[in-house]
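Peer 1: Sharing a structure here in C-alpha cells format.
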C-alpha cells in the first residue's frame, strides 16, 4: 500500500463510523422527536376531547374506531373511524390532509365535512398542535371497523351545500391572542375555543345550525334538538355562573363536582373524564380566568344554574 | 254497544298504561331523597376542601359517613325497569353489574374518606377527596339522563 492509498484507506476507515454515527443520530433524533410530538399530542388529544365522538364507549368500542351515534335536528351522524388504519381509518393522510380537515373542514378528496365535526373550533388550533395531535393518533392501535353512513335527511345530506354553510357561519384561521388580555386569559381562550370547543354545546344555534354569536356561552335550551339543557356558563350572577368562586369552577373541571354537591353526568361527565380532568392545574386556571372575564349574558336555561 | 265496549277496553288499556308503564315506582322518590342527602353532605364538605370553611374532622367524618350510608341505601332502590318519571337510564339494567360496581366503588371512596376524617387526617382526606367526584361521575355519566 503506497502513501496515497493508505491515506484514502485511513480516511475511509475514519469516515465510515462518523457517517454511521451521524446517520444513527438523525434516525434517533427523528424517532425521539416523533415520540416527543406524540407525547405532546396526547395532551392536545385530551384537551380537544377527540375520544368522545370518535369512540363508541357505550358499546365498549375501540378508542377512535368510530360508530358512536350523534343525534342532531338534521339526523343521526356516526363518528368515523380516525385510527391510522390505511383503508378504514385515516392512515393514508398526510400532515397537510390532517391540517386541512381541522383548519378548513375539508376531506382529503375535497368534500366538505358537516359541522357536527367541530372544525369550526379546531380551525383555531396552531399548526404545531395539529401535527402533534396527528402524531399521537397515529401512535395508537388501528381498527378496521368500517364507517357507518350518516343517517340524515334531504337536503341536509348534500355535502356541496356545506359550502354555503361555511360561507355563512365559518371563519377559518388560527387563534390570534388578544394583546389587551393577559397571557393567562389568552391561554384560557385558546384552550376553551380552539381545543375544548366548549361553545359548540354551550352556545345556542340558529335554524341552520350556526352558532348564535350574540349568545356565546349563554347556554342552550334544547341541545341538539334532544330537549336537553346546556347551562349558561357566562359569569351572569343569576342565570349564569357568576356566583361561583374559582374553586367551584376548579372542582367541576377537575372532578365533575358541582356547587350544590351534585356531580355532572351525561356529555359534561364525559368532558370531565376525557378532557378537563387531564389538564394541568395551570391550564384549568387559565380556562377559569378566561370564562370569568366573558361578557355576562342574561339567559335563563334552568333554575339555579 | 259494541263501540261502548271498545271504548271501555281502550279506557281500561289506558289506565293500565298509566299505572303500569308510566307510573313512578315508589323507589324513585326514595332514591331521589337518598341522593339528595348525598349531595347535601358533599356540598358541606366541598367548601372545606376549597378552604372556604375551616376543617373540622368530626363534622367532615359525619358528612362522609352520610354519603356512604345513603349511597348504600340508594343502591338497593333500583328495581328493574324503574326508569319511568326518573332520570335513571335503562342502561342501569342493561349493564347492572357495571352499575352496581360503580355504586360500590363510590361507597368505598366515601367510607375511606369518613375514616380519614375520623382520624383527623386532613392531608390524607384532601388528597383522597377528588376520588369522590370521579366516583359520582362514573355513575352519572353513563346512567343518568341529562336535564
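Protein chains in written order, with the working numbering: chain A, 565 to 869; chain B, 60 to 206.
Note that the Cβ used here is the ideal one computed from N, Cα and C, for glycine as well.
Identify the continuous beta strand (DSSP E) that holds residue 787 of chain A and give its terminal residues.
Peer 2: For residue 787 of chain A, the uninterrupted beta strand (DSSP E) segment begins and ends at 784 to 787.
Peer 1: Which of the three DSSP states is assigned to residue 610 of chain A in this structure?
Peer 2: helix
Peer 1: Return no unless some Cβ of chain A is closer than 8 angstroms to the Cβ of residue 181 of chain B.
Peer 2: No, because no Cβ of chain A sits closer than 8 angstroms to the Cβ of residue 181 of chain B.
Peer 1: Use the C-beta contact count for residue 768 of chain A: other C-beta atoms within 10 angstroms, 16 or more gives buried, fewer gives exposed.
Peer 2: buried
Peer 1: Residues in its own chain within less than 7 angstroms of residue 727 of chain A by CB, not counting five upstream and five downstream?
Peer 2: Excluding sequence neighbours, residue 727 of chain A sits near 676.
Peer 1: When you compare only the Cα positions, how much space is there between residue 613 of chain A and residue 764 of chain A?
Peer 2: 12 angstroms
Peer 1: Where do the ends of the beta strand (DSSP E) carrying residue 188 of chain B lie?
Peer 2: Here residue 188 of chain B belongs to no beta strand (DSSP E), and DSSP marks it neither H nor E.
Peer 1: Within 8 angstroms of any Cβ in chain B, is that where the Cβ of residue 821 of chain A sits?
Peer 2: yes
Peer 1: Who does residue 631 of chain A pair with in a DSSP beta bridge?
Peer 2: According to DSSP, residue 631 of chain A bridges with nothing at all.
Peer 1: By Cβ distance below 6 angstroms, which residues in the same chain neighbour residue 197 of chain B in space, the five residues on each side in sequence not counted?
Peer 2: 161
Peer 1: Tell me which residues share the same chain as residue 803 of chain A and place their Cβ nearer than 6 angstroms to its Cβ, disregarding the 5 neighbours each side in the sequence.
Peer 2: Counting only Cβ-Cβ distances below 6 angstroms, and skipping sequence neighbours, we find 796, 862, 863 and 864.
Peer 1: I'd like to confirm the pairing. Which residues does DSSP put opposite residue 642 of chain A in its beta bridges?
Peer 2: A:633
Peer 1: Just how far apart, CA to CA, sit residue 639 of chain A and residue 206 of chain B?
Peer 2: 21 angstroms
Peer 1: Would you identify the three-state DSSP class for residue 841 of chain A, choosing helix, strand or coil?
Peer 2: helix
Peer 1: Can you tell me the Cβ-Cβ gap for residue 136 of chain B and residue 169 of chain B, rounded? I've got them flagged as a contact below 8 angstroms.
Peer 2: Incorrect: roughly 17 angstroms between the Cβ atoms, too far for contact.
Peer 1: Taking three-plus beta-carbon pairs below 8 angstroms as touching, is the region 710 to 729 of chain A in contact with the region 619 to 639 of chain A?
Peer 2: Yes, since at least three Cβ pairs between the region 710 to 729 of chain A and the region 619 to 639 of chain A fall closer than 8 angstroms, the two stretches touch.
Peer 1: With a threshold of 8 angstroms between beta-carbons, can residue 139 of chain B be considered close to chain A, or not?
Peer 2: no
Peer 1: Can you pull the DSSP bridge partners for residue 827 of chain A?
Peer 2: A:821
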